[in-house]
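Heads up: the first sequence is residues 0 to 480, going by numbering that gives the first Met the number 0. All residues carry an ideal CB built from backbone N, CA and C; glycine is no exception.
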Amino acid sequence: MAITLYNSINRQKEEFVPIEPGHVGIYVCGPTVYGPPHLGHAKSYITFDVLVKHLRHSGLTVRYVQNITDVGHLTDDADSGEDKIQRQARIDHVHPWEIVDKWTRQYMNDMEKLRIAHPNFYVRASQHIGEQIEAVQKLVEKGHAYEVNGNVYYEVESFPEYGKLSGRRLEEQKEGVRVESRSDKKNPRDFALWKKAEPGHILKWNSPWGEGYPGWHIECSVMATKYLGNTIDIHGGGLENKFPHHECEIAQSEALNDAPFCRYWVHNNMVTVDGIKMGKSLGNFRTCEDLLTSHSPEAIRAFVLTTHYRSPSNYTEEAISAAASGLSRLSQLQTALLEIIEKNVSAGTADNEAEKLCGEVDAKIRERLDDDIDTPGAIATLYSFVTEVNRFISASALSARVAAAILTVVKEWGSEVLGILPAVSNKTDVDIAPIMQMLIELRQEMKDAKKYDVADAIRNRLKDAGILIEDTRDGVRWKRI
RNA sequence: GGCGGCAUAGCCAAGUGGUAAGGCGAAGGUCUGCAAAACCUUUAUCCAUCGGUUCAAAUCCGAUUGCCGCCUCCA
């Protein structure tokens with residue numbers, strides 16, 4: 000079945016057809032590295048992580064490029080704002096590149112912990128200054144941009160299709176625009192391609208227009224087309240970037256290359272906390288680092304993925320705890336299946352039924368993800384599969400062979416594509432395994448002697464030490480909690 | 001003011017014309033020395049409200065109300 004994606008530019012689900020059969024080029028707007036990665040970043044990058052993994056799992060070769068914005072974005076508007084990175088550097092009394100370096104590392108770190116696959120490569124704005132200058136020059140030559148006092152602006156009027164992504168028409172906006180004082184733009188809607196460096200500005204480069212730095216949008220146009228071609232298959236990013244950022248990217252790229260910039264625009268919705276937008280100024284944002292101290296990466300992913308990417312995720316402690324609880328059934332199943340495999344059970348009365356179910360579930364999950372990455376639907380399918388398989392296990396009706404087949408399906412989607420199934424950790428516990436074996440035997444002796452207080456004490460003390468003992472019909476099981 | 005989106009049980013959340021998936025929580029039960037895990041049963045006569053189209057609507061259309069995002073950097 001074909002993969003469909005909701006294409007923001009046409010506002011409808013469309014069948015995804017790559018330009019070059021079998022190959023996909025995807026560009027996703029990355030973070031501006033001046034502060035800690037937060038849940039909003041997590042939602043966006045987990046979304047695109049699943050999209051890319053699903054495309055690959057479907058047999059496509061994907062080149063996934065993500066940028067790291069390490070220069071230029073401003074706190075305010077083009078004329079009066081301050082470089083966010085530079086401002087943070089001033090506050091911290093360090094060089095701007097220390098800020099960039101610190102938060103880039105933190106970002107990479109957090110993303111890795113969240114089981115987000117590294118894009119094929121990251122691209123940095125600061126490493127493409129030359130290309131950006133060339134692009135700006137070319138835009139000036141083609142009559143789409145003009146220079147005033149060392150600043151270069153894109154002339155929005157020169158690109159009639161400006162607004163096609165966000166549904167804004169120029170005429171409508173003129174009236175609503177605030178009066179910008181001290182602006183040397185021809186039209187308030189024009190946006191900066193190159194900014195003159197004011198005295199004291201540290202991150203600056205030489206250009207035909209004097210010392211300065213690139214505008215906010217040009218880096219993405221330049222880097223996306225440099226690595227993925229003039230027309231890219233998929234461009235992803237947060238909804239809030241639709242306007243003006245993505246709109247400007249289109250205007251620049253299409254004016255520059257005379258080719259459609261992007262075929263499928265994919266925008267993820269935002270994260271709210273207790274129903275309110277998460278933002279620094281509101282003091283309610285949750286960093287990935289904080290979240291990871293109290294929740295597993297899988298729980299965070301499950302929380303994010305149980306909401307469709309185009310709907311807002313509302314963060315509450317209850318919601319993320321519920322996600323974690325649901326997940327424990329999945330890991331529990333994994334453990335149970337491994338036990339059956341280990342015991343090498345030869346035949347099961349439910350084998351046929353279970354094998355059939357495997358095929359159905361596999362197809363259903365694929366269908367859900369094919370349908371505009373319906374991760375909530377995929378997870379629901381996986382969870383009801385868990386219940387059905389547990390029923391077979393309760394009836395001791397599975398062979399090792401079929402248990403392995405089930406495990407393959409569970410891991411394929413739960414671990415490889417969705418990334419919500421934790422890895423089995425007992426391998427790392429080989430060192431304490433003999434000790435555990437001794438304690439379990441000792442406790443069994445106490446139980447046999449009906450010394451339940453001692454047996455329970457052993458169990459309780461182990462629990463305090465972070466190890467959970469479970470008596471099952473097939474023996475004692477232990478795991479770290 | 002302009003543009004866009006959303007409203008489904010206590011909570012989270014699918015379903016986009018054929019009569020309400022799944023998870024969490026809660027209650028009861030099975031198993032167990034007890035716990036845990038697992039399984040079984042129950043938990044929305046109804047999908048914000050009001051109209052309309054249709055044999056049939058949570059699903060399409062219109063209006064109303066509420067919430068959210070963008071319109072200045074933001075995932």
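- The Cβ atoms of VAL32 and VAL99 lie closer than 7 Å to each other.
- The Cβ atoms of GLU130 and VAL221 sit closer than 7 Å to each other.
- According to the DSSP assignment, CYS261 belongs to the beta strand (DSSP E) that extends over 261-267.
- Burial check for GLY39: the Cβ neighbour count within 10 Å reaches 16 or more, so the residue is buried.
- By the Cβ-count criterion, PRO17 is buried, with 16 or more other Cβ atoms from all chains shown falling within 10 Å of its own Cβ.
- Counting the other CB atoms within 10 Å of its CB gives GLU297 a total of 16 or more, which places it among the buried residues.
- DSSP places ARG365 in the helix class (H, G or I) of the three-state scheme.
- Here the C-alpha atom of TRP477 lies approximately 12 Å from the C-alpha atom of GLU338.
- Here ALA144 has VAL135, LEU138, VAL151, TYR152, TYR153, GLU154, LEU192 as same chain residues with Cβ atoms under 7 Å from its own Cβ, once five neighbours each way along the sequence are excluded.
- By the Cβ-count criterion, GLU140 is exposed, with fewer than 16 other Cβ atoms from all chains shown falling within 10 Å of its own Cβ.
- The three-state reading of DSSP puts ILE372 in coil, since its state is none of H, G, I, E or B.
- With respect to ASP91, PRO36 sits apart: the two C-beta atoms are not nearer than 7 Å.
- One Cα belongs to GLU210, the other to PRO159, and the distance between them is close to 31 Å.
- In the three-state reduction of the DSSP assignment, LEU192 falls in the strand class.
- Secondary structure note for ALA258: it is in no alpha helix (DSSP H), with a DSSP letter that is neither H nor E.
- Inclusion of ASP369 and ILE2 in the CB contact set at 7 Å is warranted, their separation being smaller than that value.
- Non-local C-beta neighbours of VAL51 in its own chain, meaning closer than 6 Å and more than five positions away in sequence, comprise VAL61, TYR63, ordered along the chain.
- For ALA223, the uninterrupted alpha helix (DSSP H) segment begins and ends at 217-227.
- The DSSP-derived three-state label of ILE115 is coil.
- Rounded to whole angstroms, the separation of the alpha carbons of ASP361 and LYS101 is 42 Å.
- The C-beta distance from LEU326 to ILE419 rounds to 6 Å, short enough to meet the 8 Å contact threshold.
- With a threshold of 16 other beta carbon atoms within 10 Å, ALA432 falls short and is exposed.
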